[in-house]
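For the sequence shown, the working numbering gives the first residue as 67, with consecutive numbering after it.
Beta carbons are placed, not taken as given, at the ideal position from N, Cα and C, and that holds for glycine.
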Amino acid sequence: MDKFKHLIYTVEDQIAIITFNRPKYLNALNSEMLKELSDVTDHIGADASIRAVILTGAGEKAFVAGADIAEMRSKNAMEGRKFSQFGNWVLSKLENLPQPVIAAINGFALGGGCELALACDIRIASTRAKLGQPEVILGIMPGFGGSQRLPRLVGLGIAKELLFTGDMITADRAREIGLINHVVEPSELLTKAKEIAGNIAAKSPLGVQFSKKAVNEGFDLDLERSLSLETEMFGMLFSTEDQKEGMTAFLEKRKPVYQGK
Ligand code: CAA
Numbered sequence: 067m068d069k070f071k072h073l074i075y076t077v078e079d080q081i082a083i084i085t086f087n088r089p090k091y092l093n094a095l096n097s098e099m100l101k102e103l104s105d106v107t108d109h110i111g112a113d114a115s116i117r118a119v120i121l122t123g124a125g126e127k128a129f130v131a132g133a134d135i136a137e138m139r140s141k142n143a144m145e146g147r148k149f150s151q152f153g154n155w156v157l158s159k160l161e162n163l164p165q166p167v168i169a170a171i172n173g174f175a176l177g178g179g180c181e182l183a184l185a186c187d188i189r190i191a192s193t194r195a196k197l198g199q200p201e202v203i204l205g206i207m208p209g210f211g212g213s214q215r216l217p218r219l220v221g222l223g224i225a226k227e228l229l230f231t232g233d234m235i236t237a238d239r240a241r242e243i244g245l246i247n248h249v250v251e252p253s254e255l256l257t258k259a260k261e262i263a264g265n266i267a268a269k270s271p272l273g274v275q276f277s278k279k280a281v282n283e284g285f286d287l288d289l290e291r292s293l294s295l296e297t298e299m300f301g302m303l304f305s306t307e308d309q310k311e312g313m314t315a316f317l318e319k320r321k322p323v324y325q326g327k
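This is the structure in structure tokens:
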């Protein structure tokens, strides 16, 4: 991939790592950075050799401290709408990547930063992380999905309290309410993220991809329709080499070697 201005992109052991890299501004998301995130997301979606993705922030202080307030200040209504539309479009692309995406939250994840984490599949945080949706402090509301994904993840009551007060919460509190899965020491954060990504990468890529799609597409359907979706997807996997290999390897008492086909 071409070199980015605001992101660092690396791939190791089939795991892509995207680092938001504007530490002077606590990695605040401006339009240029969002465009780069959109480009790198397209690239990852088209590269079947990548089995999992990790997002993290550069520097000691922040994952992403929100959308860029300096850029937003002078926007008019249509420009504000366009910014939200673009942010929601990019984050939905990220959410719908075939590969699982893990947010490794190393510091502030506020506003657009918390929303970015919400669009990921799995969230882990260091003890230094602080999360929140402080938009009401700025006279606005979340524009990158926070008013919709947060209640779906943590429930209506807790989400409304966070959205209406704008309060930041600690990593431990975020784990307590189900906003993040694990809290680790700062020095252990990337190791933990890579451990989870590696664990996923060792499994059948198609089984993982289909599981993600079934959860994402079935979650807002009624149970009957979502179970029907599961049945169709389950059936489809029996046309794959991954299924033959997985079951044959089990019966031959060896480790499966998956091709993602
Ligand atoms: N946008 C633009 N610049 C930001 C920023 C943001 N979201 N967050 C931090 N910065 C900048 C600061 O302006 C400062 O720049 P200067 O050195 O040029 O003054 C630099 O980053 C360092 O920040 P602070 O000096 O403020 O650092 P701190 O340690 O004192 O405070 C903080 C840290 C509590 C995170 C504080 O920076 C803060 O409150 N940031 C804003 C958080 C926020 O409101 N985010 C939501 C944005 S709105 C949004 O995201 C809308 C949406 O849904 C799409």
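As assigned by DSSP and simplified to three states, the class of residue i
| i | result |
| --- | --- |
| residue 240 | helix |
| residue 76 | strand |
| residue 175 | strand |
| residue 160 | helix |
| residue 249 | strand |
| residue 279 | helix |
| residue 224 | helix |
| residue 130 | strand |
Alpha-carbon to alpha-carbon, residue j and residue i
| i | j | result |
| --- | --- | --- |
| residue 252 | residue 215 | 26 Å |
| residue 254 | residue 182 | 21 Å |
| residue 272 | residue 141 | 43 Å |
| residue 241 | residue 186 | 15 Å |
| residue 96 | residue 206 | 17 Å |
| residue 120 | residue 299 | 26 Å |
| residue 313 | residue 243 | 37 Å |
| residue 134 | residue 109 | 25 Å |
| residue 277 | residue 297 | 12 Å |
| residue 248 | residue 222 | 22 Å |
| residue 285 | residue 225 | 18 Å |
| residue 302 | residue 327 | 12 Å |
| residue 137 | residue 208 | 16 Å |
| residue 89 | residue 175 | 13 Å |
| residue 69 | residue 92 | 20 Å |
| residue 229 | residue 196 | 15 Å |
| residue 184 | residue 269 | 24 Å |
| residue 263 | residue 203 | 36 Å |
| residue 306 | residue 288 | 28 Å |
| residue 235 | residue 318 | 49 Å |
Assigned exposure category for residue i - 16 Cβ within 10 Å defines buried
| i | result |
| --- | --- |
| residue 199 | buried |
| residue 308 | buried |
| residue 310 | exposed |
| residue 210 | buried |
Anticipated Cβ contact below 8 Å, residue i with residue j, distance rounded
| i | j | result |
| --- | --- | --- |
| residue 145 | residue 177 | Not confirmed; about 17 Å, so no contact. |
| residue 259 | residue 116 | At roughly 15 Å, the Cβ-Cβ gap does not stay under 8 Å, so residue 259 and residue 116 are not in contact. |
| residue 77 | residue 107 | With 8 Å as the limit, residue 77 and residue 107 do not qualify as a contact, their Cβ atoms being about 14 Å apart. |
| residue 295 | residue 283 | 6 Å |
| residue 132 | residue 94 | 6 Å |
Minimum C-alpha distance to residue i - residue among the options
| i | options | result |
| --- | --- | --- |
| residue 173 | 317, 189, 312 and 162 | 189 |
| residue 322 | 267, 112, 80 and 118 | 267 |
| residue 85 | 263, 256, 294 and 304 | 256 |
| residue 80 | 265, 233 and 227 | 265 |
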